[in-house]
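Shown next, in structure tokens, is the structure this report addresses.
2 protein chains.
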Amino acid sequence: MTLAPERAAQSGSTTDDANPAVSLSCRHCGATYPLGPQHVCFECFAPLEIAYDEDRLRRVTRASIEAGPQNLWRYVGLLPAGHDPARRVSLGAGFTPLRPAPRLAAELGMKTLWVKDDSANPTHSFKDRVVSVALSAARDLGFTTVACASTGNLAHSVAAHAAHTGLRSIVLVPHDLEDGKTVSTAVYGGTLVAIKGNYDDVNKLCSQLADEYEWAFVNVNVRPFYAEGSKTLGYEVAEQLGWRLPAQVVIPIASGSLLTKVDKAFRELGKLGLVEPTPYKVFGAQAAGCNPVAAAFERGVDTVSPVRPSTIAKSLSIGNPADGPYALDVARRTGGAITDVTDDEIIEGMRLLARTEGIFGETAGGVTVANLRRQLREGLLDPDAETVIYNTGDGLKTLDPLVGIAGPTATIPPTLSAFEAAGLGDD
Amino acid sequence: MTLAPERAAQSGSTTDDANPAVSLSCRHCGATYPLGPQHVCFECFAPLEIAYDEDRLRRVTRASIEAGPQNLWRYVGLLPAGHDPARRVSLGAGFTPLRPAPRLAAELGMKTLWVKDDSANPTHSFKDRVVSVALSAARDLGFTTVACASTGNLAHSVAAHAAHTGLRSIVLVPHDLEDGKTVSTAVYGGTLVAIKGNYDDVNKLCSQLADEYEWAFVNVNVRPFYAEGSKTLGYEVAEQLGWRLPAQVVIPIASGSLLTKVDKAFRELGKLGLVEPTPYKVFGAQAAGCNPVAAAFERGVDTVSPVRPSTIAKSLSIGNPADGPYALDVARRTGGAITDVTDDEIIEGMRLLARTEGIFGETAGGVTVANLRRQLREGLLDPDAETVIYNTGDGLKTLDPLVGIAGPTATIPPTLSAFEAAGLGDD
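Protein chains in written order, with UniProt numbering: chain A, 1 to 427; chain B, 1 to 427.
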């Protein structure tokens with residue numbers, strides 16, 4: 001792909017001194033490439049990731065972070081984009097609440113449990129983090145059009161951030177998406193293209209378009225930048241615990257990227273001396289209807305065999321997860337585990353979190369809570385060790401599975417006697 | 001109503017020294033009553049409000065506020081509940097972003113415009129503020145059951161906060177509520193009662209129940225406490241502007257309570273020396289389909305004549321607004337105005353806010369933006385004076401009016417040639 005002149009000129013700015021990112025590095029063969037819109041290794045076709053200058057990372061201190069804004073950009077010194085405030089894209093994502101969950105802990109027989117609640121982000125999912133970083137990188141690299149393929153959270157977030165920034169956005173989705181998801185993306189006024197096909201068809205078309213047009217596809221050609229945004233979900237938990245690592249974390253797995261980036265964040269913080277490098281265990285959570293990584297963990301193999309997703313947890317429905325093998329590595333290295341739960345258990349998990357803590361997470365949150373319960377039951381997870389679970393999205397976005405399940409206690413005429421006859425009054 | 005012994009014992013705590021609230025005072029005749037679960041004057045049946053000890057209010061400083069938590073409880077020294085942390089109810093509502101809105105300002109020909117974005121609250125509406133204060137007061141007063149009548153945002157918020165706190169909740173709603181609103185309340189596991197009747201029937205039954213049972217109805221018997229929670233939307237804007245008042249604010253009107261409380265907050269801050277008491281104008285925003293206060297403003301009368309609501313802005317559909325006359329007073333005293341807009345303009349307002357700033361507000365947000373535009377057009381509002389508009393809820397909760405309006409730009413087969421043939425590529 002050829003850089004337009006103004007792109008080539010601006011792209012140099014991503015290697016300026018403020019930015020700790022210095023190159024793209026192949027996760028398989030180690031080949032390096034200059035920072036740019038590239039996501040696979042030209043040598044071995046493995047995925048690329050951002051490589052940092054360690055001296056630049058070391059400029060970051062607890063104090064410099066604490067003096068930053070109350071959003072993910074407080075960690076800009078550990079990120080590959082957003083260093084020039086004029087090109088930083090922000091709706092204020094990040095620094096979401098780390099909520100103590102004593103009532104859920106009591107119900108599960110646990111000692112200390114926290115919920116990292118990313119439904120508090122601007123468009124109510126953790127995707128706002130990766131989109132903030134990806135769009136900032138896109139501007140650093142001189143792009144003026146951003147694009148993505150998505151079935152929900154990512155589409156919403158890209159459209160919102162692009163509108164906020166005045167970037168042109170082109171979002172591609174399957175044509176049979178629910179009305180609600182179409183509306184909450186289209187309302188921002190960007191280009192929304194419905195594709196007569198399934199998500200795989202949409203994805204394939206996006207790869208073709210990325211070769212054809214000079215657009216930043218957030219989860220294709222700028223994916224190495226995009227994925228780094230998830231590290232902030234690790235940094236924040238450590239800072240919010242008073243600059244220390246939790247003993248156990250439970251994280252939902254779609255592509256597996258989030259789980260590997262939280263682990264990366266914890267290791268970075270330890271290496272940089274920002275926390276004591278205490279041991280921690282990383283647990284992964286999948287739905288039984290899309291469990292390629294949990295199945296590989298169970299079988300004790302390194303290869304993740306693709307599956308055809310069929311679960312209510314649509315935001316986790318990636319049958320061939322790019323970071324699956326890396327997620328397996330992390331769980332095994334840290335002494336964690338990766339398990340799965342049925343759709344019924346997912347719904348029960350959503351209701352349990354809502355009933356005990358007043359947090360209505362999306363289906364992915366139900367997957368996490370239900371797997372937490374399973375991992376406790378099977379003795380994989382220690383009920384006495386401090387645990388953080390990640391709620392990555394908002395229940396308002398995935399109401400459908402609960403319709404007909406979470407409904408009125410009673411339906412009555414508008415009279416006091418009917419109220420009492422229904423047994424609703426005090427005894 | 002007789003206080004149960006444990007209630008009577010605990011209720012004394014609301015007059016402890018930490019709490020600046022000292023009594024309930026009639027807004028019409030000035031009669032005073034001890035702090036308790038009472039909302040109308042026994043003498044003249046006018047609504048009651050909280051009266052404060054001014055010396056206690058004066059203990060609050062900018063520094064004491066700034067040292068507080070990043071939520072509405074930083075203003076506890078100016079509120080009538082939540083002084084005992086053990087009885088404070090909080091999901092972290094408040095201190096929501098005050099977003100600069102340069103792209104919306106440019107489109108409207110304005111100089112400096114801000115959006116106070118209360119969709120960032122835990123259940124994504126400003127109701128989390130009043131519910132936090134009402135439930136804290138309910139606990140101060142010894143109640144263990146909380147209740148409300150609602151068609152949406154309030155139901156969601158009461159159910160969530162009650163679940164979080166372990167309070168029993170009883171939420172009454174009309175039986176023909178949308179599935180989505182039923183689910184997002186029922187999921188928290190409290191008692192949800194569907195009433196075969198309209199909202200007026202539900203309300204009437206709640207008044208009967210409040211006489212019968214020792215429950216705290218957040219917007220009935222503890223309404224004086226509840227309403228004070230809205231003051232925080234005034235405090236926060238002043239603090240976020242660097243401890244000064246904006247020149248103009250635009251606020252949606254349902255009962256009119258929010259508008260009067262923002263004005264009250266601005267006056268309190270001036271009186272307490274926390275800001276310079278600079279002049280400001282308060283503008284109200286209604287839907288043409290439920291415009292009793294705007295109609296009274298237009299006619300130049302003091303009496304608000306009830307209407308039968310018929311608008312897509314359901315969260316503002318109060319045909320007989322309790323604080324309508326007080327809202328009229330505020331708009332007239334400050335030199336503001338109260339106007340209304342059609343449903344088409346509301347939808348256009350929602351889309352304008354989303355397209356320019358990446359903020360997807362609920363229909364009430366569309367009402368505010370559309371009235372801002374009208375007030376500018378009619379010369380009521382000064383485009384050169386600093387203006388803050390209030391977005392009180394989240395578009396995800398009111399998707400229906402946009403279905404069929406905000407949709408895909410194009411629907412195409414999954415091929416590059418179809419993409420190009422549809423004119424979606426670069427020129």
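Using N, Cα and C, we set each Cβ at its ideal position, and we do this for glycine too.
Since we're looking at a predicted model, the values are computed, not measured.
Listed along the chain, the chain B residues whose CB falls inside 8 Å of the CB of residue 351(A) are 187, 189.
Straight through space, the alpha carbons of residue 131(A) and residue 82(A) are spaced by roughly 12 Å.
Around the beta carbon of residue 42(B), a 10 Å sphere encloses fewer than 16 other beta carbons of the protein chains shown; the residue is thus reported as exposed. Going by beta carbons, residue 275(A) and residue 116(A) fall outside the 7 Å limit.
For residue 148(B), the enclosing beta strand (DSSP E) begins and ends at 145 to 149. Around the Cβ of residue 29(A), a 10 Å sphere holds fewer than 16 other Cβ atoms; the residue is exposed. Separation of residue 282(B) and residue 145(A) (C-alpha to C-alpha, rounded to the nearest whole angstrom) is 40 Å. In chain order, 136, 139, 140 place their CB closer than 7 Å to the CB of residue 87(B), counting only its own chain and leaving out the 5 sequence neighbours on each side. Counting every other CB atom within 10 Å of its CB across the protein chains shown gives residue 340(A) a total of 16 or more, marking it as buried.
Neighbours of residue 426(B) in chain A, taken as residues at a C-beta separation under 7 Å, are given in chain order as 213. In chain order, 163, 164 make up the part of chain B whose C-beta sits under 8 Å from the C-beta of residue 357(A). Around the beta carbon of residue 143(B), 16 or more other beta carbons lie within 10 angstroms, which makes this residue buried. Residue 199(A): not part of any beta strand (DSSP E); member of the alpha helix (DSSP H) spanning 199 to 212, first to last residue. Identification of chain A residues near residue 196(B) by a Cβ-Cβ cut-off of 8 Å yields 411, 412, 413, 414, ordered along the chain. Annotated three-state conformation of residue 250(A) is strand, per DSSP. By the Cβ neighbour-count rule, residue 44(B) is exposed, with fewer than 16 other Cβ atoms within 10 Å of its own. The Cβ atoms of residue 364(A) and residue 310(A) do not sit closer than 7 Å to each other. The Cβ of residue 97(A) sits closer than 7 Å to at least one Cβ of chain B.
Collapsing the DSSP output to three states places residue 61(B) in coil. Contact residues of the segment 137 to 163 of chain A toward chain B are 160, 161, 163 (C-beta to C-beta distance below 7 Å). In this structure residue 327(A) is in contact with residue 253(A), their Cβ atoms being roughly 6 Å apart against a cut-off of 8 Å. In the DSSP assignment, residue 338(B) forms a beta bridge with 284(B). DSSP links residue 390(A) through a beta bridge to 116(A).
Within the same chain, 163 come within 7 Å of residue 189(B) by CB-CB distance, once the 5 residues on both sides are set aside.
When C-alpha distances from residue 70(B) are compared across 96(A), 64(A), 51(A), the shortest belongs to 96(A). Its chain contains 21, 80, 224, 228 as the residues whose beta carbon lies nearer than 6 Å to that of residue 50(A), once the 5 sequence neighbours on both sides are disregarded; these appear in chain order. Residue pairing by DSSP places residue 421(B) in no beta bridge whatsoever. In this structure, residue 174(A) lies near residue 198(A), with their beta-carbon atoms less than 7 Å apart.
At a C-beta separation below 8 Å, residue 70(B) has these neighbours in chain A: 70. CA-to-CA, the gap between residue 381(A) and residue 77(A) works out to about 33 Å.
Secondary structure note for residue 310(A): it is in no alpha helix (DSSP H), with a DSSP letter that is neither H nor E. Residue 189(A) carries a coil assignment under DSSP once its states are collapsed to helix, strand and coil.
By the Cβ test, the segment 348 to 364 of chain B is in contact with the segment 181 to 188 of chain A, since at least three Cβ pairs between them sit closer than 8 Å.
Between residue 39(B) and residue 292(A), the alpha-carbon positions lie close to 58 Å from each other. The C-beta of residue 287(A) has 16 or more other C-beta atoms within 10 Å across all chains shown, which makes the residue buried. Rounded to whole angstroms, the gap between the alpha carbons of residue 279(B) and residue 265(B) is 13 Å.
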